[in-house]
Structures are given as structure tokens and as C-alpha cells.
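Engineer: Chains X and B are the protein sequences, given in the same order.
To convert, count from 1 in the first sequence and add 44; that's the numbering used here.
To convert, count from 1 in the second sequence and add 71; that's the numbering used here.
For every residue, glycine included, the Cβ atom is placed at its ideal position computed from N, Cα and C.
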Amino acid sequence: MAEEIDNKVTQLRKGILELAIMAALYHKTHYGYSLVRNLAGSGSVELKEGTIYPILARLAREGLVHSEWMESSQGPPRKYYSLSTGGRSVFESLQTEFQSLVQLVASASTGQTEEGQAKTTKKITVRRNKDE
Amino acid sequence: MNNHFPLTAEKIVADYLEKMKMHLKGMNENDQNEILAEIRSHIYESYNAEKEGDDIDRILKTLKRLGEPAEVAASRMGESVSLLGQKKKSLLYILSGFLIIFFAAPLGMGGLGVIAGLLAALLGLLIAYFATAVSFVVSGFICALVGLIAIISPDIFLEINRWAGEAIFQFGPFQNHPQIAGVLTLIIAMMLAALGLLMLWSGKHIWRGFRYVLNLMLDKIRKIFSRGRKKT
Numbered sequence: 045m046a047e048e049i050d051n052k053v054t055q056l057r058k059g060i061l062e063l064a065i066m067a068a069l070y071h072k073t074h075y076g077y078s079l080v081r082n083l084a085g086s087g088s089v090e091l092k093e094g095t096i097y098p099i100l101a102r103l104a105r106e107g108l109v110h111s112e113w114m115e116s117s118q119g120p121p122r123k124y125y126s127l128s129t130g131g132r133s134v135f136e137s138l139q140t141e142f143q144s145l146v147q148l149v150a151s152a153s154t155g156q157t158e159e160g161q162a163k164t165t166k167k168i169t170v171r172r173n174k175d176e
Numbered sequence: 072m073n074n075h076f077p078l079t080a081e082k083i084v085a086d087y088l089e090k091m092k093m094h095l096k097g098m099n100e101n102d103q104n105e106i107l108a109e110i111r112s113h114i115y116e117s118y119n120a121e122k123e124g125d126d127i128d129r130i131l132k133t134l135k136r137l138g139e140p141a142e143v144a145a146s147r148m149g150e151s152v153s154l155l156g157q158k159k160k161s162l163l164y165i166l167s168g169f170l171i172i173f174f175a176a177p178l179g180m181g182g183l184g185v186i187a188g189l190l191a192a193l194l195g196l197l198i199a200y201f202a203t204a205v206s207f208v209v210s211g212f213i214c215a216l217v218g219l220i221a222i223i224s225p226d227i228f229l230e231i232n233r234w235a236g237e238a239i240f241q242f243g244p245f246q247n248h249p250q251i252a253g254v255l256t257l258i259i260a261m262m263l264a265a266l267g268l269l270m271l272w273s274g275k276h277i278w279r280g281f282r283y284v285l286n287l288m289l290d291k292i293r294k295i296f297s298r299g300r301k302k303t
């Protein structure tokens with residue numbers, strides 16, 4: 045059972061991590077390690093640092109991110125990533141979709157579907173009318 | 072390539088990247104070099120951000136956070152290469168099936184026995200190493216104490232010999248000069264204790280290396296079992 049949960053968490057993370065990477069690159073250019081710090085600093089999600097590179101490579105193959113090697117003042121050169129114009133618009137669409145999905149999960153987990161919410165609102169209105 | 076790490080850490084990084092390179096076979100050389108350069112750059116940044124522990128501690132923590140070379144490399148390979156890997160694996164399955172058919176369980180159990188034996192032998196060597204180091208330190212300090220007594224009050228030993236009626240304590244050519252024997256004993260004892268302490272200090276690294284190898288093997292075994300479970 046615990047393993048099944050692990051697998052589901054891994055699947056869930058894969059998609060969301062891609063979105064989180066795009067979100068970080070939407071605001072700022074990052075090299076691999078700074079991106080990891082950015083993602084690790086934003087929450088309690090534990091992640092193997094190596095997992096971001098295949099995602100970055102895939103985004104680059106799809107033309108959603110650009111990369112460029114730049115010399116570092118100390119140590120080896122860094123490979124900086126930024127979202128391409130296409131990547132920015134894809135991210136905006138994905139972000140809207142993601143927010144709708146988050147709302148869907150939130151309302152489903154509290155047992156309030158749209159229909160349920162409508163009924164609740166109706167009940168409240170009727171009760172208010174009676175009180176008046 | 073410039074060395075950006077202290078010597079010991081550099082060796083561990085080079086080993087990690089070498090293993091990763093082996094898993095990137097099938098990719099063109101330029102892509103391989105670019106991936107390795109990026110991972111090296113990541114290790115450097117992460118290593119410098121890690122402040123706790125000595126060089127080896129820091130680099131091992133850094134690499135653990137990054138993930139195993141095989142995992143990091145495998146996830147970078149294109150689908151075609153993954154398929155190639157699967158084909159290679161299926162060849163391995165055929166080979167193992169062949170071996171099982173012809174040699175059946177005894178070989179499998181024997182194989183497990185060999186691995187367990189190797190690990191046990193390695194652990195035995197490790198225990199023997201630490202036991203030797205501790206015995207060097209303890210006997211070194213005891214001999215140093217004897218040497219000091221011989222220097223401060225040499226008569227004690229001669230008195231004991233006289234009382235016992237035989238030469239329990241013998242100082243060889245320095246039989247009549249126990250103080251000289253005491254100085255020599257003290258020097259040799261301190262060297263022995265220093266050797267023991269040096270062995271204990273370097274043993275810390277050996278122990279860490281053993282743990283690293285053990286963790287790698289356990290990870291592999293865990294993966295094999297979890298893969299097996301997924302299939303069932």
C-alpha cells in the first residue's frame with residue numbers, strides 16, 4: 045500500500061514539478077542549482093536534485109525553454125535557462141488550468157460540488173427569507 | 072578540466088561522473104559532455120553551499136541529494152536509448168533464464184551466498200582493522216606507562232625481579248640501565264599509539280566508504296525487489 049502511494053505521489057509530482065519549473069523560469073532565469081534552491085525553498089516537498097535536468101531537457105526539446113552557458117565568477121560555467129516566448133504562453137495556459145484543477149480537488153474533498161454549493165446557497169437564501 | 076574541488080572530493084566527483092558517462096553511452100559525445108559539464112557545475116554549487124562536515128562528508132551529502140549516477144543519467148536518455156536499454160535487459164533475462172534452467176536453484180543460492188560472503192568478509196576485515204587499531208592504542212599507552220615508571224623510578228622493576236627471585240622484567244642489553252630502556256620503551260610505545268590513532272582516524276573514511284558501498288548495494292536490491300513487486 046505504501047508503495048502504491050509512493051508511485052502515485054511520484055506520478056503527481058512529475059507533472060506538477062514541470063509546471064513549478066516553468067513558474068520559476070517565468071519570473072527569472074535560473075541555472076540548475078539555483079532552480080533547485082528556488083523550488084526547495086518554496087515548500088516542504090523533498091526532491092532529488094537530479095530530477096530537474098530531464099525536465100529541463102524535455103522543455104528545451106519542445107522549444108519551451110532556452111539555455112545558455114555563462115562563465116561564473118567562481119567555479120565552472122553555469123548553464124542558464126529561461127522561458128521562450130512560446131514557453132511563456134504555454135505556462136500561462138497551464139497555470140490557469142492548474143488553478144481550476146486545484147479548486148476542483150479542494151471542492152471535491154470538502155464534498156461541495158457545484159451542484160452541492162448551489163443547493164447550500166439556496167438553503168441559506170430560503171432560511172434568510174424565513175427569518176425576515 | 073580544472074579541479075574545482077579538494078583532492079579527495081575531486082576523486083569522488085570524477086568517479087561519479089565516470090559512472091554517469093558509462094550510463095550515457097549511446098548518446099553523441101557533445102551531448103554527453105554538455106550533460107556532464109552541467110552536472111559537474113551543479114555539484115560544485117551544491118558542494119559549496121554545504122557547510123557541515125569535512126570535504127568527504129560534504130561531497131557525499133551533495134551527491135546523495137543529486138541522486139545516483141544511473142538514475143540521473145537514465146532520465147536524460149531519449150526514448151530510443153531507453154528501448155535499447157530494455158533490449159539489453161531482455162538479453163540479460165534470457166541469459167539468467169538459461170542459467171537457471173541449467174544450474175537451477177543451487178547456482179542462485181550460491182550466487183547469493185557469494186555476495187553475502189563477500190560482504191561478511193569485508194565487514195570482518197573492517198572489524199579486524201578497528202580491533203588492531205584499538206589494540207595498538209591501548210598497548211601503546213600501557214607500554215608508555217611502563218616506560219615512564221622505568222624512567223621515574225627504575226628501582227621498582229629491579230625490586231620486583233629481586234623479590235620474585237627471577238628476571239620477570241628484562242631490559243636486554245640495558246639490564247643494568249632500566250632508565251635507558253624506559254626512554255626507548257616510551258618512544259616505541261608512543262609511536263605504536265600514534266599508529267593506532269592514525270588507523271582509527273583513517274578508519275573513519277574507510278567506514279564511510281564501506282557504508283557508501285553498502286547503501287549503493289541495498290538501493291540496488293531494493294529497486295530490484297520493488298520492480299519485481301510492480302510486475303506481480
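To the nearest whole angstrom, what separates the beta carbons of Gly138 of chain B and Glu93 of chain X, a pair I think is in contact under 8 Å?
Structural biologist: Indeed, because the Cβ distance is near 7 Å, the residues count as touching under 8 Å.
Engineer: Find out if the Cβ-Cβ distance for the pair Pro121 of chain X, Tyr115 of chain B is shorter than 7 Å.
Structural biologist: Not a contact, by the Cβ cut-off of 7 Å.
Engineer: Grouping DSSP H, G and I as helix and E and B as strand, with all else coil, what is Lys96 of chain B?
Structural biologist: In this structure, Lys96 of chain B counts as strand in the three-state DSSP scheme.
Engineer: State the DSSP-derived secondary structure class of His248 of chain B, mapped to helix, strand or coil.
Structural biologist: In the structure shown, His248 of chain B sits in coil (DSSP, three-state: anything other than H, G, I, E or B).
Engineer: Give a yes or no on whether the C-beta atoms belonging to Ala73 of chain X and Ser126 of chain X are separated by under 7 Å.
Structural biologist: One point to set straight first is that residue 73 of chain X is Thr, not Ala, in the sequence displayed. A contact, by the Cβ cut-off of 7 Å.
Engineer: With a CB to CB cut of under 8 Å and the five nearest residues on each side skipped, what residues in its chain are close to Ile222 of chain B?
Structural biologist: Within the same chain, Ile222 of chain B has close Cβ partners Gln250, Gly253, Val254, Leu257.
Engineer: How would you label Ala202 of chain B, buried or exposed, when you count the other beta carbons within 10 angstroms and need 16 or more for buried?
Structural biologist: With fewer than 16 Cβ atoms within 10 Å of its Cβ, Ala202 of chain B is classed as exposed.
Engineer: In the DSSP assignment, the beta strand (DSSP E) including Ser126 of chain X goes from what residue to what residue?
Structural biologist: Here the beta strand (DSSP E) through Ser126 of chain X covers 122-127.
Engineer: With three or more beta-carbon pairs closer than 8 Å as the criterion, would you say the stretch 261-279 of chain B touches the stretch 198-212 of chain B?
Structural biologist: Flag = yes, the stretch 261-279 of chain B and the stretch 198-212 of chain B touch.
Engineer: Comparing C-alpha positions only, which one of B:Asn101, B:Lys96, B:Asp126 sits nearest to Pro77 of chain B?
Structural biologist: The candidate whose alpha carbon is nearest that of Pro77 of chain B is B:Asp126.
Engineer: Quick check on Ile213 of chain B: buried or exposed, where buried means 16 or more other Cβ atoms within 10 Å of its Cβ?
Structural biologist: Looking at its Cβ environment, which holds fewer than 16 other Cβ atoms inside 10 Å, Ile213 of chain B is exposed.
Engineer: Can you name the residues of chain X whose CB is closer than 9 Å to the CB of Ala108 of chain B?
Structural biologist: Within 9 Å Cβ-Cβ: Trp113, Pro120, Pro121, Lys123.
Engineer: Three-state secondary structure (DSSP) at Glu237 of chain B?
Structural biologist: Three-state result, Glu237 of chain B: coil.
Engineer: By a C-beta neighbour count over all protein chains shown, 10 Å radius and 16 as the cutoff for buried, is Gly188 of chain B buried or exposed?
Structural biologist: Flag for Gly188 of chain B reads exposed.
Engineer: From the DSSP output, read off the bridge partner residues of Val109 of chain X.
Structural biologist: Looking at the DSSP assignment, Val109 of chain X forms a beta bridge with X:Leu127.
Engineer: Would you kindly work out how many angstroms separate the C-alpha atoms of Gly280 of chain B and Ala204 of chain B, rounded to a whole number?
Structural biologist: If I take the Cα positions, the gap works out to 18 Å.
Engineer: Starting from the Cα of Lys275 of chain B, find the closest Cα among B:Ile220, B:Pro140, B:Asp128 and give me that residue.
Structural biologist: Nearest C-alpha to Lys275 of chain B: B:Asp128.
Engineer: Counting only beta-carbon atoms, is Glu93 of chain X nearer than 7 Å to chain B?
Structural biologist: Yes - at least one Cβ of chain B is within 7 Å of the one on Glu93 of chain X.
Engineer: Could you tell me whether the Cβ atoms of Asn247 of chain B and Ala238 of chain B are closer together than 7 Å?
Structural biologist: Their beta carbons are not under 7 Å apart, which means Asn247 of chain B does not touch Ala238 of chain B by this criterion.
Engineer: Name the chain X residues that come within less than 7 Å of Glu44 of chain B, Cβ to Cβ?
Structural biologist: Residue 44 of chain B lies beyond the stretch modelled for chain B, which goes from 72 to 303, so this question has no answer here.
Engineer: Could you name the residues of the same chain whose beta carbon sits closer than 7 Å to that of Arg136 of chain B, not counting the 5 residues immediately before and after it, in chain order?
Structural biologist: Once the five neighbours on either side are set aside, the close Cβ partners of Arg136 of chain B are Ser117.
Engineer: Please list the terminal residues of the continuous alpha helix (DSSP H) segment that includes Pro140 of chain B.
Structural biologist: Taken as a continuous stretch (DSSP letters only), the alpha helix (DSSP H) holding Pro140 of chain B covers 140-145.
Engineer: Out of B:Gln241, B:Leu131, B:Trp278, state which residue places its alpha-carbon closest to the alpha-carbon of Ile195 of chain B.
Structural biologist: Contrary to the premise, residue 195 of chain B reads as Gly rather than Ile in this sequence. Of B:Gln241, B:Leu131, B:Trp278, the residue nearest in Cα terms is B:Trp278.
Engineer: Just to confirm the assignment, what range does the alpha helix (DSSP H) spanning Gln55 of chain X have?
Structural biologist: First-last of the alpha helix (DSSP H) with Gln55 of chain X: 46-71.
Engineer: Under the three-state reduction of DSSP, which class applies to His75 of chain B: helix, strand or coil?
Structural biologist: If DSSP states are grouped into helix, strand and coil, His75 of chain B belongs with coil.
Engineer: In whole angstroms, what is the alpha-carbon distance linking Val149 of chain X and Arg57 of chain X?
Structural biologist: Answer to the nearest angstrom: the Cα atoms are 15 Å apart.
Engineer: Would you mind sorting Ser112 of chain B into buried or exposed? The rule is 16 or more other CB atoms within 10 Å of its CB.
Structural biologist: So Ser112 of chain B ends up on the buried side.
Engineer: List, in order along the chain, the chain B residues whose C-beta lies closer than 9 Å to that of Gly76 of chain X?
Structural biologist: Ordered by position in chain B, the residues that pass the 9 Å Cβ test against Gly76 of chain X are Glu109, Ile110, Ser112, His113, Glu116.
Engineer: From which residue to which residue does the alpha helix (DSSP H) around Leu137 of chain B run?
Structural biologist: Segment 126-137, the alpha helix (DSSP H) holding Leu137 of chain B.
Engineer: Under 7 Å between beta-carbons, which chain X residues line up against Leu189 of chain B? List them in chain order, please.
Structural biologist: Near Leu189 of chain B there are no residues of chain X at all, since even the closest Cβ is about 29 Å away, more than 7 Å.
Engineer: CB Ala64 of chain X to CB Leu83 of chain X, shorter than 7 Å?
Structural biologist: Yes, they are a contact pair.
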